[in-house]
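Undergrad: Sequences listed follow chains G and S, in order.
In case it helps, our numbering puts the first sequence at residues -9 to 232.
In case it helps, our numbering puts the second sequence at residues 2 to 257.
Every residue gets a Cβ at the ideal spot worked out from N, C-alpha and C, and that includes glycine.
Below are the structure tokens for one structure; questions will follow.
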Amino acid sequence: MIEIDRLTKRHRTRTAVDDLSFTVEPGRVTGFLGPNGAGKSTTMRAVIGLERPTSGRALVHGLPYAELRHPLRQVGALLDARALHGGRTARAHLLGLARGNRIPDRRVDEVLDTVGLTGAADRRAKGFSLGMAQRLGLATALLGDPSVLLLDEPLNGLDPEGIRWIRGLMRGLAAEGRTVLVSSHLMDEMALTADHLVVIGRGRLLADTPAERFVARTGSLEEAFLRLTADASDHRAGKEAR
Amino acid sequence: MADLRAAVAFEWTKIRTVRSTLWCLILCLLVSVLIALLFGWVLRGAYDDMSAEGRARFDPVASGFNGLRLGMICLVVFGVLTITGEYGSGTIRSSLAAVPRRGVFYTAKVLTCTAIALAVSTVVVLATFFTAQTAIGAAHNASITDAGVPRAVVGSVLYMTLLCVFALGLATVLRSPALTLGILVPLFFMVSEILNNIPGVRNAAQFLPDAAGGIIMRREPQAHTILTAWTGMAVLAAWTLAALTAAHLTLKHRDP
């Protein structure tokens, strides 16, 4: 379970997250939606302690992330799949993280197998395609068999087979009672995967609702999303012409 | 609460699984020993042609350690890459997700880097010493048991280790390998040397980290220094502590 409690993050000139509160419940896939720059990534980074909130807090199982003794065993995050050391192999990358959190070494091979990277385990990351990096990022998130998963745009760079696989994976993880928060800009995909939706715009909460009810208003998730965020998007092309 | 031992295991795994580590450490040994060999050979031949004054000033230990000054740059690069590799690639974020307590993360990194630097420096300094003294020849060389020599050997190991850790601290604050080395390499090779030869600023220049710590590399103390072997080492230790403190504070107050 993740609790975002009156979270605010102000950078020097702009407010990325503005007094945001919501809760992500276990046992379901929660879709995290918002226009570009809405604050989704900032919020997710704040959950794992990579952003210091200006005010408010983000809690995992009721605790600040930094107080978890072996955090990777409770929270798995895929935030920026490209953040790999080019000279290190996929296996070495995972092995270090495993050792750092006292996760048994055998988990490394298990998660490499889960994400379909066994064949590339000993290749250096600099030769990885975005899809492979994304798979390694997922392996990283799954490494500690965590009860909470944060996935920021996990479908980027994946082929159709990979997208279908991730959909099944996320639903399976939620069915096992885990908390799954996933951001995506692919509305069709979210409509297929998410049980619950949290929509934000300009750092503020716009909707926190079961997916069915959200879609029911307009018949399509995309339409509902565009209507809801019409006034909260900073980057919409040709806004005046609409 | 936090698990420092696991954090050290994490750092050790990260360091040993990139090739640049091995390259830096091997180069450190090769450069130091080869230059020691070269200097030794040259000195063996040149001693007979030296003036009486030159012979009196001749310090086989300091001459033999000349290679360390270049070899140590490789160790400094190792220290710098240990942290800038994380910022450059972005793995700093997965590292801090795994070890979110900044103090624990950084302590583990410093401990691991220090241990490796200490082990490598010990091997490099001993290899350099024996290579140089063998090359200089039995007539004029120093033995490891001579007065002042154990201090110079142990001191040189500490000197190299502390400079590596100092570089790690500075690199953590600056985050860029180019910027850090752009400051350190000229400082080590030119600025200290130049300032030390200008009478007016000499007394201040010997307090620079590399100059202060380097005093101990000689068998006999130099005449015109305020600092001695061990007070110079203490000054370098103070620089190192200051760099690590600044690094810890920036790490704590900066979003990665």
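Under a Cβ-count criterion, where at least 16 other Cβ atoms within 10 Å of its own Cβ denotes burial, should Gly117(G) be classed as buried or exposed?
TA: Taking all protein chains in view, the Cβ of Gly117(G) is surrounded by fewer than 16 other Cβ atoms within 10 Å, so the residue is classified as exposed.
Undergrad: Taking only runs of the alpha helix (DSSP H) that begin and end inside the region 86 to 128 of chain G, which ones reach a length of at least 4 residues, in chain order?
TA: 96 to 104
Undergrad: Which value, in whole angstroms, describes the spacing of the CA atoms of Ala231(G) and Asp198(G)?
TA: For Ala231(G), the predicted structure reports a pLDDT of 45, less than 50, and the residue's modelled location is therefore unreliable. A value from the coordinates is still provided. Each residue's alpha carbon lies about 30 Å from the other.
Undergrad: Closer than 8 Å by C-beta to Asp256(S): which residues in its own chain qualify, once you throw out the five before and the five after it? Chain order, please.
TA: none
Undergrad: In this structure, does DSSP put Ala238(S) in helix, strand or coil?
TA: helix
Undergrad: Helix, strand or coil, according to DSSP, for Leu76(S) in the structure here?
TA: In the structure shown, Leu76(S) sits in a helix (DSSP, three-state: H, G or I).
Undergrad: Please work out which residues of its chain come closer than 8 Å, Cβ to Cβ, to Val202(S), disregarding the five sequence neighbours upstream and downstream, and give them in chain order.
TA: Leu196
Undergrad: Could you pull out every residue in the same chain whose Cβ sits closer than 7 Å to the Cβ of Ser223(G), ignoring the five residues on either side in sequence?
TA: Pro25, Gly191
Undergrad: Are the beta-carbon atoms belonging to Ala8(S) and Ala109(S) less than 8 Å from one another?
TA: yes
Undergrad: Could you check the C-alpha separation between Asn204(S) and Thr232(S) for me, to the nearest Å?
TA: 14 Å
Undergrad: Where does Pro43(G) sit, in a helix, a strand or coil, going by DSSP?
TA: coil
Undergrad: Using the Cα positions of His60(G) and Asn91(G), report the straight-line distance between them to the nearest angstrom.
TA: Their backbone Cα atoms lie some 5 Å apart in a straight line.
Undergrad: For chain S, find out if any of its Cβ atoms is closer than 8 Å to the Cβ of Leu74(G); answer yes or no.
TA: yes
Undergrad: Check for me: the alpha helix (DSSP H) holding Arg20(S) runs from which residue to which?
TA: 20 to 47
Undergrad: At the 8 Å Cβ level, is Leu97(S) part of the contact set with chain G, yes or no?
TA: yes
Undergrad: Contact check, Leu58(G) vs Val50(G) under 8 Å by CB: the rounded distance?
TA: 7 Å
Undergrad: Which class does Leu182(S) belong to by DSSP, given the choice of helix, strand or coil?
TA: Judged by DSSP in its simplified three-state form, Leu182(S) adopts helix.
Undergrad: With 8 Å as the threshold, decide whether the Cβ of Val86(S) is near any Cβ in chain G.
TA: It is Gly, not Val, that sits at residue 86(S) in the sequence shown. Answer yes: the Cβ-Cβ gap between Gly86(S) and chain G drops below 8 Å somewhere.
Undergrad: Tell me the rounded alpha-carbon separation between Arg207(G) and Phe215(G).
TA: 10 Å
Undergrad: Excluding the 5 residues preceding and the 5 following Leu97(S) in the sequence, name in chain order all residues of the same chain whose CB lies nearer than 7 Å to its CB.
TA: Phe106, Pro257
Undergrad: Residues in the same chain with beta-carbon distance under 7 Å from Lys229(G), minus the five sequence neighbours each way, listed in chain order, please.
TA: Because the pLDDT of Lys229(G) is 48, which lies under 50, any placement of that residue in the model is unreliable, and the number read from its coordinates should be weighed accordingly. No residues qualify anywhere along the chain.
Undergrad: Counting only runs of 4+ residues fully inside the region 85 to 157 of chain S, write out the alpha helix (DSSP H) ranges in chain order.
TA: 92 to 99, 103 to 137
Undergrad: Using a Cβ-Cβ cut-off of 6 Å (strictly less than) and excluding sequence neighbours within five positions of Phe189(S), which residues of its own chain qualify?
TA: Counting only residues of its own chain and dropping the five nearest sequence neighbours on each side, Phe189(S) has a CB closer than 6 Å to the CB of Asp211.
Undergrad: Buried or exposed: where does His186(G) fall if 16 or more other Cβ atoms within 10 Å of its Cβ makes it buried?
TA: buried
Undergrad: Quick check on DSSP: helix, strand or coil for Phe215(G)?
TA: helix
Undergrad: Could you check which residue in Ala220(G), Arg217(G), Arg194(G), Asp221(G) has the C-alpha nearest to that of Ser11(G)?
TA: Arg194(G)
Undergrad: In the DSSP assignment, find the unbroken alpha helix (DSSP H) run with Ala181(G) in it and report its ends.
TA: First-last of the alpha helix (DSSP H) with Ala181(G): 177 to 183.
Undergrad: I'd like to know if Val19(S) contacts chain G, where contact means its C-beta is closer than 8 Å to some C-beta of that chain.
TA: yes
Undergrad: Can you give the Cα-Cα distance for Ala10(S) and Arg102(S), rounded to whole angstroms?
TA: 16 Å
Undergrad: For a test of the three-state rule: what should DSSP assign to Pro200(G), helix, strand or coil?
TA: strand
Undergrad: Out of curiosity, what's the CA-to-CA distance linking Val125(S) and Ser33(S)?
TA: Rounded to whole angstroms, Val125(S) to Ser33(S) spans 7 Å at the Cα level.
Undergrad: Distance cutoff 8 Å, beta carbons only. Does Gly86(G) sit that close to anything in chain S?
TA: yes
Undergrad: Ala184(G) CB to nearest chain S CB: under 8 Å?
TA: no
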